[in-house]
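Each residue of the sequence shown is one higher than the one before, starting from 97 at the first, in our numbering.
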Amino acid sequence: MRNIADAIEQFIISELFANEQDRVDVKRSQLAEKLSCAPSQITYTLTTRFTPERGYEVESKRGNGGFIRIIRLPREPHVQPQLPGGKDVKSSGQLVQLLAAHKLITGREARLLDYFLHVLGDHVSEENKEQIVRNAYQLLQEEE
Numbered sequence: 097m098r099n100i101a102d103a104i105e106q107f108i109i110s111e112l113f114a115n116e117q118d119r120v121d122v123k124r125s126q127l128a129e130k131l132s133c134a135p136s137q138i139t140y141t142l143t144t145r146f147t148p149e150r151g152y153e154v155e156s157k158r159g160n161g162g163f164i165r166i167i168r169l170p171r172e173p174h175v176q177p178q179l180p181g182g183k184d185v186k187s188s189g190q191l192v193q194l195l196a197a198h199k200l201i202t203g204r205e206a207r208l209l210d211y212f213l214h215v216l217g218d219h220v221s222e223e224n225k226e227q228i229v230r231n232a233y234q235l236l237q238e239e240e
């Protein structure tokens, strides 16, 4: 079963942005009523799912006649940063640390990669583990 935030996000994307406009104005209370949820759940979804990192900006005007404006940001061409390599990286674990330190992956992604490297242990060469980390990074950069 999906959670309410998933349902709210899907509704906003599919229903409100259906006409291919890059912005939509809604009243939080009306949207909450339509989706049979609390207005605070709308607020939570807007602040966690409609972020600049995910390609959205949210503006709000409070008070009578207030509204929430959701703006779809123009997509910028993705430029993949140069990954450290060669003599700069001495191990696959160090590559994971460098990616995390440069904010190219999240802390959670770094912990998962570290875990998988630990599981691979001595069964896979260090060179192959480094290539696995590079491939994983490229997969994480692909758009969903």
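From the three backbone atoms N, C-alpha and C, an ideal C-beta is built for every residue, glycine too.
Going by beta carbons, F146 and E153 fall inside the 9 Å limit. Contact annotation: I100 and Q137 have beta-carbon atoms nearer than 9 Å. DSSP, read as helix, strand or coil, puts S187 in coil. Here R168 is bridged, per DSSP, to Y152.
Here A103 really is in contact with L131; their C-beta atoms are around 7 Å apart, less than 8 Å. Nearest Cα to I166 within the set G159, R124, I201, K186: R124. Exposed is the label assigned to T202, since fewer than 16 other Cβ atoms lie within 10 Å of its Cβ. Counting along the chain, no beta strand (DSSP E) covers R158, and no H or E run does either.
For R119, DSSP records a beta bridge to I167. Residue environment: V215 is assigned as exposed (fewer than 16 neighbouring CB atoms within 10 Å of its CB, all protein chains considered).
The residues E222, in chain order, have a CB closer than 7 Å to that of S187 in the same chain once the five nearest residues on each side in sequence are set aside. Assignment of N99 by DSSP, reduced to helix, strand and coil, places it in the coil class.
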